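2 protein chains.
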Amino acid sequence: MTTLSNRYETEPAKQRPTMRDVAALAGVGTKTVSRVVNDEPGVSEAKRTRVLRAVEQLNYQVDMAAGSLRRAGRRTLSIGLLLPSVANPFSGEIHRAIEDALAPRGIAVFAASLDDDPEREKALVAAFIRRRVDGLVLTPIAKSQAHVIPQHSHDLPIVFIDREPTGIDADAIVSDNAIGGSRAAAHLLSHGHTRLAYLGDRTDIQTARERRRGFLEELGRSGIPASQVPTIEDLHDEEAARRAAHELLNSQEPPTAIFSSQNLVTFGAMRALKEEGMSHKVALVGFDDFALADMMEPGITVIAQHPERIGKLAAERILARLDGDQSQPSTWVVPSELIVRGSGELLPPPQAI
Amino acid sequence: MTTLSNRYETEPAKQRPTMRDVAALAGVGTKTVSRVVNDEPGVSEAKRTRVLRAVEQLNYQVDMAAGSLRRAGRRTLSIGLLLPSVANPFSGEIHRAIEDALAPRGIAVFAASLDDDPEREKALVAAFIRRRVDGLVLTPIAKSQAHVIPQHSHDLPIVFIDREPTGIDADAIVSDNAIGGSRAAAHLLSHGHTRLAYLGDRTDIQTARERRRGFLEELGRSGIPASQVPTIEDLHDEEAARRAAHELLNSQEPPTAIFSSQNLVTFGAMRALKEEGMSHKVALVGFDDFALADMMEPGITVIAQHPERIGKLAAERILARLDGDQSQPSTWVVPSELIVRGSGELLPPPQAI
DNA sequence: TAACGGTTAGACAACGTTGTCAACGCCCTG
DNA sequence: CAGGGCGTTGACAACGTTGTCTAACCGTTA
Chain G
0 MTTLSNRYET EPAKQRPTMR DVAALAGVGT KTVSRVVNDE PGVSEAKRTR VLRAVEQLNY
60 QVDMAAGSLR RAGRRTLSIG LLLPSVANPF SGEIHRAIED ALAPRGIAVF AASLDDDPER
120 EKALVAAFIR RRVDGLVLTP IAKSQAHVIP QHSHDLPIVF IDREPTGIDA DAIVSDNAIG
180 GSRAAAHLLS HGHTRLAYLG DRTDIQTARE RRRGFLEELG RSGIPASQVP TIEDLHDEEA
240 ARRAAHELLN SQEPPTAIFS SQNLVTFGAM RALKEEGMSH KVALVGFDDF ALADMMEPGI
300 TVIAQHPERI GKLAAERILA RLDGDQSQPS TWVVPSELIV RGSGELLPPP QAI
Chain L
0 MTTLSNRYET EPAKQRPTMR DVAALAGVGT KTVSRVVNDE PGVSEAKRTR VLRAVEQLNY
60 QVDMAAGSLR RAGRRTLSIG LLLPSVANPF SGEIHRAIED ALAPRGIAVF AASLDDDPER
120 EKALVAAFIR RRVDGLVLTP IAKSQAHVIP QHSHDLPIVF IDREPTGIDA DAIVSDNAIG
180 GSRAAAHLLS HGHTRLAYLG DRTDIQTARE RRRGFLEELG RSGIPASQVP TIEDLHDEEA
240 ARRAAHELLN SQEPPTAIFS SQNLVTFGAM RALKEEGMSH KVALVGFDDF ALADMMEPGI
300 TVIAQHPERI GKLAAERILA RLDGDQSQPS TWVVPSELIV RGSGELLPPP QAI
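In order, the protein sequence lines correspond to chains G and L.
The first sequence: position 109 = 108 (numbering that gives the first Met the number 0), numbered continuously.
The second sequence: position 64 = 63 (numbering that gives the first Met the number 0), numbered continuously.
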């Protein structure tokens, strides 16, 4: 409220200046203006400064859309990013890493949330293609991406993140989900646990299945058959996870250690443990790190993913493809990391050994 | 790796189909194709289905950029969103609310991070204007936004969020920072505290100053002059806040209650309290809510903001302006809310009363 | 049968920019 | 002094789409 005039009351809403306006004011041809604003050679110093002055005076900004329409290659210097949700901190980290990697090249990022909805996946991919993005980074949801990606977008660089795509051959960046799961198992086993349980996410999500597989296989290698491991799955929110954990803790033979395959599931498990007064009695390892994990009582041991590395790699793949990389698409795996904070190092009670 | 052919090996990288291709295949004029894909009337059913079949077959998608170049009004159906950082959960919530409000109108969101850097603010605004976004939602940083927003963008809807702009007359959506601060003070006073301290963010940030002002004014009304309130400011990260809190707690007359003006500052204070074993002895109220605040020991009482409401209002303002709203720009205030969880209800020790 | 109105259809120009190309002026060389 | 080469410059078409406008066709009415 500092100025007096209302931005919205100025009547004629004067047109945004075009290159022609600048050319007219500077007394040159439009092509000369084009050369100046694009830093192309072949313009005398005298004209260059005249043009720059006119640009300044009119506050002219090129229309990139019009430019890329004519320009060879048709680059729009924008990419589309499809995440589970832009409000999700894990996605936010990926987003930021991608932005940081693309900004130096002047590439802007369209971001959108999928909410695990295959319909949205398809619609948003189409919306971005209509906007002629130079590349696409996306977390796949639909069973197959073949129908999501139109045939004739074959030259559009696409990188899948977090989950590998199906039905289409493209670059992908994923965490080592199975290895992470086995890492969790090995860690708990090394502290003497023999009664372990698994709390997992929706089984139609590939990463969740991988984490479970890695966890159970590692237990199997230590002589604990999967049939002996209570496994509760399809937990998609904190409340469901909380109830499942309560159920586990009140079962006939409660586990002495729990592996939760995802953030919200971990939160639910933490709640249940706290409510049962078992936070310091039953070990917990969660997949995926989160803020303040070290401030919990006890601190929560996790298998941390590295969203910033996933994002950086995804952006690098897009750039490489834009720069003409024709190599076979492949999958890059970002290693997970065990972070020890207390909850995963609780020992089983003597009688349970 | 499901299919055999490499997407990047198909030699001629065939051109994306245009309206002309569709028209040729369907045996009609381009304008008829245009009418069909834009759902305009005046096309016989026979031709309509022929066009749709051709669209399907070629997997044609309109080029929105080319369309809006010609189309009156020049809408690109995209907006620019400038946040402190897309990786910041508070920003993520705002982002999501904006996306949800604009998606039904087919508007896509460019998101970018400012990192509190006025240079980036200016550069990113320019980048979005070059892309001809239909509107701009931004968290202002520079001392004045007058030079950030070019003169001739006077018809471009702009909404400022979180902080009010200076030097430009535009809509703004903010939290009731001062009231929130006074709410925190009143809450702590009502539990008998008389020795309170303030831990604050960078003093050049308007919101931080407002929160402090509200807090101190409320104390003043209860007869506690600002001069008696230890005030440590310019804390921009968790570590600085932690050190400041330690200092406070080890001072001659340590406070019995602390108000921290921002998330990272709250985290630092929590750390210091835990390290000093004072978590249950010194009251703490933080500005801004965060995940797992209720799982801390004790739960952290906060003055919660409502990012989802801020985002929704911002999007609604943009839409109203796009729809021709010419009213005076003004500021909308989103009320904060006290959430009681334990840390703010700790009583001062008897000897301190 | 002629005139008319309504519907359907496509030719054409234009949106703001850049690639292509021809033309201009200047300086240098033979 | 003619000719060649080089550095500048702008006219023009084209990018993919849509607004405008006119034409063709249909059925109806006088």
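Beta carbons: idealized from backbone N, C-alpha and C, even for Gly.
This one's a predicted model, so the numbers in the text were calculated from it and none came from an experiment.
Where residue i sits in the DSSP three-state scheme
{"i": "residue 132/G", "result": "coil"}
{"i": "residue 92/G", "result": "helix"}
{"i": "residue 299/L", "result": "coil"}
{"i": "residue 353/G", "result": "Because residue 353/G is not part of the residues shown, which for chain G are 0 to 352, the question remains open."}
{"i": "residue 323/L", "result": "coil"}
{"i": "residue 355/L", "result": "Nothing about residue 355/L can be reported from this structure: the residues present for chain L run from 0 to 352 only."}
{"i": "residue 256/L", "result": "strand"}
{"i": "residue 68/G", "result": "helix"}
{"i": "residue 180/G", "result": "helix"}
{"i": "residue 336/G", "result": "strand"}
{"i": "residue 141/G", "result": "coil"}
{"i": "residue 191/L", "result": "coil"}
{"i": "residue 285/L", "result": "strand"}
{"i": "residue 290/G", "result": "coil"}
{"i": "residue 117/G", "result": "helix"}
{"i": "residue 231/L", "result": "strand"}
{"i": "residue 222/G", "result": "coil"}
{"i": "residue 15/G", "result": "coil"}
For residue j and residue i, the rounded distance between their alpha carbons
{"i": "residue 3/L", "j": "residue 170/G", "result": "With a pLDDT of 47 at residue 3/L, under the threshold of 50, the modelled position of that residue is not reliable, and no figure is offered here."}
{"i": "residue 7/L", "j": "residue 157/G", "result": "11 Å"}
{"i": "residue 352/G", "j": "residue 345/G", "result": "Bear in mind that a pLDDT of 47 at residue 352/G, under 50, signals an unreliable position, so the model cannot answer this."}
{"i": "residue 317/G", "j": "residue 73/G", "result": "16 Å"}
{"i": "residue 258/L", "j": "residue 286/L", "result": "8 Å"}
{"i": "residue 239/L", "j": "residue 248/L", "result": "14 Å"}
{"i": "residue 245/G", "j": "residue 260/G", "result": "17 Å"}
{"i": "residue 338/L", "j": "residue 65/G", "result": "51 Å"}
{"i": "residue 155/L", "j": "residue 109/L", "result": "15 Å"}
{"i": "residue 189/L", "j": "residue 98/L", "result": "40 Å"}
{"i": "residue 77/L", "j": "residue 31/G", "result": "30 Å"}
{"i": "residue 142/L", "j": "residue 253/G", "result": "60 Å"}
{"i": "residue 132/G", "j": "residue 221/L", "result": "59 Å"}
{"i": "residue 137/G", "j": "residue 82/G", "result": "6 Å"}
{"i": "residue 62/G", "j": "residue 145/L", "result": "22 Å"}
{"i": "residue 219/G", "j": "residue 243/L", "result": "50 Å"}
Residues bridged to residue i (per DSSP)
{"i": "residue 157/L", "result": "135/L"}
{"i": "residue 170/L", "result": "158/L"}
{"i": "residue 330/L", "result": "171/L"}
{"i": "residue 79/L", "result": "109/L, 135/L"}
{"i": "residue 7/G", "result": "BP columns for residue 7/G are empty, so no partner."}
CB of residue i within 7 Å of CB of residue j, strictly
{"i": "residue 241/L", "j": "residue 271/L", "result": "yes"}
{"i": "residue 54/G", "j": "residue 27/G", "result": "no"}
{"i": "residue 215/L", "j": "residue 268/L", "result": "no"}
{"i": "residue 88/L", "j": "residue 88/G", "result": "yes"}
{"i": "residue 86/L", "j": "residue 95/G", "result": "yes"}
{"i": "residue 91/L", "j": "residue 135/L", "result": "no"}
{"i": "residue 290/G", "j": "residue 299/G", "result": "no"}
{"i": "residue 309/G", "j": "residue 93/G", "result": "yes"}
{"i": "residue 101/L", "j": "residue 314/L", "result": "yes"}
{"i": "residue 201/G", "j": "residue 235/G", "result": "yes"}
Top-ranked residue by Cα proximity to residue i, from the options
{"i": "residue 205/G", "options": "63/G, 31/G, 160/G, 99/G", "result": "160/G"}
{"i": "residue 217/G", "options": "183/G, 286/G, 60/G, 297/G", "result": "183/G"}
{"i": "residue 342/L", "options": "302/L, 332/L, 180/L", "result": "302/L"}
{"i": "residue 15/G", "options": "60/G, 34/G, 233/G, 49/G", "result": "60/G"}
{"i": "residue 327/G", "options": "98/G, 168/G, 23/G", "result": "168/G"}
{"i": "residue 56/G", "options": "38/G, 208/G, 24/G", "result": "24/G"}
{"i": "residue 174/G", "options": "349/G, 104/G, 334/G", "result": "334/G"}
{"i": "residue 233/G", "options": "39/G, 255/G, 227/G, 264/G", "result": "264/G"}
{"i": "residue 17/G", "options": "181/L, 107/L, 129/L, 322/L", "result": "129/L"}
{"i": "residue 229/L", "options": "201/L, 193/L, 314/L, 330/L", "result": "193/L"}
{"i": "residue 58/G", "options": "147/L, 35/L, 165/L", "result": "147/L"}
{"i": "residue 256/G", "options": "62/G, 281/G, 266/G", "result": "281/G"}
{"i": "residue 103/G", "options": "119/L, 75/L, 104/L", "result": "119/L"}
{"i": "residue 208/L", "options": "277/L, 348/L, 179/L", "result": "179/L"}
{"i": "residue 385/G", "options": "52/G, 39/G, 288/G", "result": "Only positions 0 to 352 of chain G appear in the structure, and residue 385/G is not among them; the question remains open."}
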